[in-house]
Amino acid sequence: MARFSQKNAEAQLQAEAGRVDRDKLDDLLRRQQAIEDKVRSSGKLQRFSGDIKLMFAMIGDYWNGHYRNVPWKSIAAVAGALLYVLNPLDVIPDLILGIGFVDDAGVVALCLKLVESDLIRYAAWKEQQEEHAQP
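The working numbering numbers the first residue of the sequence shown as 12 and each following residue consecutively.
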């Protein structure tokens, strides 16, 4: 089996992000719990749990029109990475013990690297919104 590399991660993320549209975002948001459960149960993905929650929050606020200060390509990349995680039959099938989630972790890590500044801006905005909402 071929080693999963940065180049593989880039190709997979680009392919998934290219397929993202409004219907895919809606589907992704409906399947959030399934993805979060998968992340929690996977040793390779657990370390991304907080980042994935933030990614879902950003997509949700974008979807609901609360936060639009992010380029579509970043939303598509985040959605693409999350959809890749959801797919059990991706480049390295999740059922292969020990290495099944290596590709998922690689795609998520690459996505985080690509959209880091957008996620940081979103997290700051979200914190500000929560501070204003408190009595």
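Virtual Cβ for every residue (Gly too), placed ideally from N, Cα, C.
Remember, predicted model here, so these are calculated numbers, not experimental data.
Q. Ordered along the chain, which non-local residues of its own chain (more than five positions away) have a Cβ less than 7 Å from that of Gln25?
A. What you label residue 25 is simply residue 14 of the sequence shown in a count that begins at 1. Taken in chain order, the list of residues that qualify is empty.
(Q) Quick check on DSSP: helix, strand or coil for Asn150? (A) The structure shown does not extend to residue 150, since the chain is modelled only from 12 to 146, so the question has no answer here.
Q. Can you list, in chain order, the residues of its chain whose CB lies under 6 Å from that of Tyr133, leaving out five sequence neighbours each side?
A. The count along the sequence shown starts at 1 and reaches residue 133 at position 122. For Tyr133, where only same-chain residues beyond five positions count, the Cβ hits under 6 Å are Met69.
Q: In the DSSP assignment, find the alpha helix (DSSP H) that holds Ser52 and state where it starts and stops.
A: Working through the sequence shown from its first residue, we reach residue 52 at position 41. From DSSP, the alpha helix (DSSP H) with Ser52 extends over Gln43 to Ser52.
Q: Taking Val113 as part of the alpha helix (DSSP H), name the residues at either end of that continuous run.
A: For the purposes of this step, residue 113 is taken as the residue at position 102 of the sequence shown. Taken as a continuous stretch (DSSP letters only), the alpha helix (DSSP H) holding Val113 covers Val113 to Ala144.
Q: Determine the direct distance from the alpha carbon of Asn19 to that of Glu27, and round the result to whole angstroms.
A: Taking the first residue of the sequence shown as position 1, residue 27 is located at position 16. Taking the first residue of the sequence shown as position 1, residue 19 is located at position 8. Going by the C-alpha atoms only, they are around 12 Å apart.
Q.
Using 7 Å as the threshold, is the C-beta distance between Val96 and Asp115 below it?
A. One-based indexing of the sequence shown puts residue 96 at position 85. One-based indexing of the sequence shown puts residue 115 at position 104. It is a contact, given that the beta carbons lie within the stated cut-off.
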